[in-house]
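Q:
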Amino acid sequence: MIQINEDSSFISIENYLTSMGWLKEKEHLINITKAGEGNMNVVLRVTTNLRSIIVKQSRPFVQKHQDIPAPLNRIVVENTFYSAIQSGAIKKHFPAIIGFDTESYSLVMEDLGGCDDMNFIYEQRSISNQNLDTLIAVSHHIHSTVPPTNFPLNLEMRELNHQHIFVLPFKKDNGFSLDTIQPGLQKLSIPFKEDLDLREQVTLIGEKYLSKGNTLLHGDYYPGSWMAKDDHLYIIDPEFGFVGFAEFDMGVMAAHLIMATHDISYLRKIKNSYPSLLDTQLLKKIAGIEIMRRLIGLAQLPLSRTLEEKRELLMISKNMILS
Ligand SMILES: Nc1ncnc2c1ncn2[C@@H]1O[C@H](COP(=O)(O)OP(=O)(O)OP(=O)(O)O)[C@@H](O)[C@H]1O
Ligand SMILES: [Mg+2]
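First residue of the sequence shown? That's 1212 in my numbering, and the numbers climb one at a time after it.
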């Protein structure tokens, strides 16, 4: 098993890629750089004399915080997800897969090139109708894909996410002071952390998140997984994928559009444009929980807002959860 990182010698990576049959004839390495800002895995951009490819490798820990264990199999989930959606109309919205190595837990894929993730919508405070429509159409195609019978339960990743979405943000003594994010945020968060009605709803939805459903999900459908290239939109990073319920992906999506725009009508827009029936209550609760956990939990976003704006979003999300 080879461990790949930014400082690996060209020759060792070239030998590895060649031994796997992933390089073309007369193809050799020219450069290796970090592909972008990720935390969980090693993600490298490997430039050759012919093209550029992305090599993503999982480790038994979070790459950026190596004292935090993380399931090694997440890259298997990612590969199985990409294989499942490689037919049909949505293929063009995902990077093509070049190869997968089960022994080294590495996935090699097409480099999407000059792309930016869509985190810019928090700053821009809007999203185009075209992007909104595409995101809904792509998610619906994912959800309409019959999940392969071997699709992993991905329970360890879900348990990790469950802690960060449904448990830690609502715990007063979670060891994380929100004032390090923004002075005053800790105090602002207390009433929400102490609200027992909220806690009860969040616990219930958290149990649903961990239970088995029947719809293939991306599992992390938010601007960090959406890549915009000119007019085209790509979706990456399905390592949190699982077979669950569509309202999870759509609620998370709604949450991020509401955080970006402060416009709650995105819930209705998503519900109305999504071609299948969504449970409005469930959609709302997921969206509310996602907004709240992104504001008062550990997994913060590049969302620069005043305390007053955050208070407004927290009130909106509380009403959504208790609706
Ligand atoms: N196929 C690709 N083409 C171009 N750039 C890519 C590709 N895959 C990943 N990247 C870049 O690398 C970054 C990290 O990739 P990715 O999100 O898959 O890694 P990760 O370790 O799972 O990150 P996170 O910790 O956010 O989950 C992306 O934000 C993007 O900028
Ligand atoms: Mg990831």
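For each residue, glycine too, the CB sits at the ideal point set by N, CA and C.
1) Suppose you measure from the CA of residue 1339 to the CA of residue 1439; what does that come to, to the nearest Å?
2) Can you pull every residue whose C-beta falls closer than 7 Å to some heavy atom of ligand 2, listed in chain order?
3) Rounded to the nearest angstrom, what separates residue 1348 and residue 1342 at their Cα positions?
4) Any heavy atom of ligand 1 closer than 7 Å to the CB of residue 1380?
5) Please name the residue, chosen from 1530, 1511, 1354, 1319, that lies closest to residue 1391 on a Cα-to-Cα basis.
6) What is the DSSP secondary structure of residue 1314, counted as helix, strand or coil?
7) For the beta strand (DSSP E) that contains residue 1443, what are its first and last residues?
8) Can you tell me the Cβ-Cβ gap for residue 1295 and residue 1362, rounded? I've got them flagged as a contact below 8 Å.
9) Please state whether DSSP places residue 1191 in a helix, a strand or coil.
10) Can you tell which of 1266, 1335, 1297 has its C-alpha closest to the C-alpha of residue 1359?
11) I'd like the span of the alpha helix (DSSP H) that includes residue 1216, first residue to last.
12) Compute the distance between the beta-carbons of residue 1355 and residue 1460, then report whether it is under 8 Å.
13) Output needed for residue 1251: all residues of its chain with C-beta closer than 8 Å, excluding positions within five of it in sequence on either side, in chain order.
14) Apart from the five residues on each side of it in sequence, which residues of its chain come closer than 6 Å, Cβ to Cβ, to residue 1242?
15) Determine, using beta carbons only, whether residue 1413 and residue 1456 come nearer to each other than 8 Å.
16) Let me confirm a value: residue 1515 is counted as buried when at least 16 other C-beta atoms fall within 10 Å, else exposed. Which label applies?
17) Which same chain residues, not among the five before or five after residue 1175, have their C-beta less than 8 Å away from its C-beta?
18) Give the single residue among 1496, 1312, 1366, 1435 whose Cα lies nearest to the Cα of residue 1454.
19) Specify the secondary structure class of residue 1345 as computed by DSSP and reduced to three states.
20) Quick check on DSSP: helix, strand or coil for residue 1439?
21) Would you kindly check if the distance between the Cβ of residue 1526 and the Cβ of residue 1496 is under 8 Å?
22) I'd like the ranges of any alpha helix (DSSP H) spanning at least 4 consecutive residues and lying wholly in the segment 1481-1529.
23) So residue 1528 and residue 1499 are in contact, right, with Cβ under 8 Å, and what is the actual spacing, rounded?
24) With a Cβ-Cβ cutoff of 8 Å, do residue 1238 and residue 1260 count as a contact?
25) Let's see if you can read the secondary structure: which residues bound the alpha helix (DSSP H) around residue 1331?
26) Starting from residue 1364, trace the alpha helix (DSSP H) in both directions and tell me its first and last residue.
27) CB of residue 1460 to nearest heavy atom of ligand 1: below 7 Å?
28) Is residue 1436 closer than 8 Å to residue 1344 when the C-beta atoms are compared?
29) Spatial neighbours of residue 1462 within its chain, please: CB distance less than 6 Å, with the 5 preceding and 5 following residues excluded, ordered by chain position.
30) Helix, strand or coil: which one does DSSP assign to residue 1248?
31) Leaving out five residues on either side along the sequence, give the residues of the same chain with a beta carbon under 6 Å from the beta carbon of residue 1321.
32) Please name the residue in 1372, 1332, 1278 whose C-alpha comes closest to that of residue 1193.
33) By alpha-carbon positions, which one of 1475, 1432, 1217 ends up nearest to residue 1328?
A: So, from the listed chains and residues:
1) Taking the sequence shown and counting its residues from 1, one reaches residue 1339 at position 128. Taking the sequence shown and counting its residues from 1, one reaches residue 1439 at position 228. C-alpha separation (whole angstroms): 12 Å.
2) 1249, 1251, 1252, 1431, 1448, 1450
3) If you number the sequence shown from 1, residue 1348 lands on position 137. If you number the sequence shown from 1, residue 1342 lands on position 131. Across the structure, residue 1348 and residue 1342 are spaced so that their CA atoms are roughly 10 Å apart.
4) Along the sequence shown, one-based indexing puts residue 1380 at 169. No, the Cβ of residue 1380 stays beyond 7 Å of every heavy atom of ligand 1.
5) Sequence index remark: in the sequence shown, residue 1391 carries index 180 (1-based). For residue 1391, the nearest C-alpha among the options comes from 1511.
6) The sequence position of residue 1314 within the sequence shown is 103, counting from 1. Coil, per DSSP.
7) The count along the sequence shown starts at 1 and reaches residue 1443 at position 232. Run containing residue 1443: 1443-1446, per the beta strand (DSSP E) assignment.
8) On the sequence shown, residue 1295 is found 84 positions in, with the first residue counted as 1. On the sequence shown, residue 1362 is found 151 positions in, with the first residue counted as 1. The distance from the Cβ of residue 1295 to that of residue 1362 is about 7 Å, consistent with a contact at the 8 Å cut-off.
9) This structure does not reach residue 1191, given that the chain is present from 1212 up to 1534, and the question cannot be answered.
10) Looking up residue 1359 in the sequence shown gives position 148. That would be 1297, whose Cα lies nearest to the Cα of residue 1359.
11) On the sequence shown, position 5 is the one that residue 1216 refers to. From DSSP, residue 1216 is part of no alpha helix (DSSP H); its letter is neither H nor E.
12) Residue mapping note: residue 1355 aligns to position 144 of the sequence shown, counting from 1. Residue mapping note: residue 1460 aligns to position 249 of the sequence shown, counting from 1. Cβ distance not < 8 Å, so residue 1355 and residue 1460 don't count as in contact.
13) Residue numbering aside, residue 1251 sits at position 40 when the sequence shown is read from its first letter. Result list for residue 1251: 1269, 1273, 1274, 1275, 1281, 1285, 1450, in chain order.
14) Indexing the sequence shown from 1 puts residue 1242 at position 31. Answer for residue 1242: 1258, listed in chain order.
15) The sequence position of residue 1413 within the sequence shown is 202, counting from 1. The sequence position of residue 1456 within the sequence shown is 245, counting from 1. Contact: no.
16) The residue labelled residue 1515 in the question sits at position 304 within the sequence shown. Looking at its Cβ environment, which holds fewer than 16 other Cβ atoms inside 10 Å, residue 1515 is exposed.
17) For the chain, the structure presents residues 1212 to 1534; residue 1175 sits outside this window and is missing.
18) For the purposes of this step, residue 1454 is identified with residue 243 of the sequence shown, where counting begins at 1. For the options 1496, 1312, 1366, 1435, the alpha carbon positioned closest to that of residue 1454 is the one of 1366.
19) Here residue 1345 is taken as the residue at index 134 of the sequence shown, counted from 1. Helix, per DSSP.
20) Here residue 1439 corresponds to residue number 228 of the sequence shown, with the count starting at 1. Three-state result, residue 1439: strand.
21) Residue 1496 sits at position 285 when you count from the first residue of the sequence shown. Residue 1526 sits at position 315 when you count from the first residue of the sequence shown. No, they are not a contact pair.
22) 1491-1507
23) For the purposes of this step, residue 1528 is taken as the residue at position 317 of the sequence shown. For the purposes of this step, residue 1499 is taken as the residue at position 288 of the sequence shown. The pair is a contact, with the Cβ atoms about 4 Å apart (cut-off 8 Å).
24) In the sequence shown, counting from the first residue as 1, residue 1238 sits at position 27. In the sequence shown, counting from the first residue as 1, residue 1260 sits at position 49. In this structure, residue 1260 lies closer than 8 Å to residue 1238 by Cβ.
25) Residue 1331 sits at position 120 when you count from the first residue of the sequence shown. Counting along the chain, the alpha helix (DSSP H) containing residue 1331 begins and ends at 1331-1335.
26) Position 153 of the sequence shown, counted from the start, is the residue given in the question as residue 1364. It is not in any alpha helix (DSSP H) - residue 1364 carries neither H nor E in the DSSP assignment.
27) Locating residue 1460 in the sequence shown gives position 249, where the first residue counts as 1. The answer is no for residue 1460.
28) Taking the first residue of the sequence shown as position 1, residue 1344 is located at position 133. Taking the first residue of the sequence shown as position 1, residue 1436 is located at position 225. In this structure, the beta-carbon distance from residue 1344 to residue 1436 does not fall below 8 Å.
29) Here residue 1462 refers to the residue found at position 251 when the sequence shown is read from its first residue. Cβ within range, chain order: 1494, 1497, 1498.
30) Walking along the sequence shown from the start, residue 1248 turns up at place 37. In the structure shown, residue 1248 sits in coil (DSSP, three-state: anything other than H, G, I, E or B).
31) Within the sequence shown, residue 1321 is the residue found at index 110, counting from 1. Counting only Cβ-Cβ distances below 6 Å, and skipping sequence neighbours, we find 1306, 1307.
32) There is simply no residue 1193 to check, as the chain begins at 1212 and stops at 1534 in what is shown.
33) Looking up residue 1328 in the sequence shown gives position 117. Among 1475, 1432, 1217, the Cα nearest to that of residue 1328 belongs to 1432.
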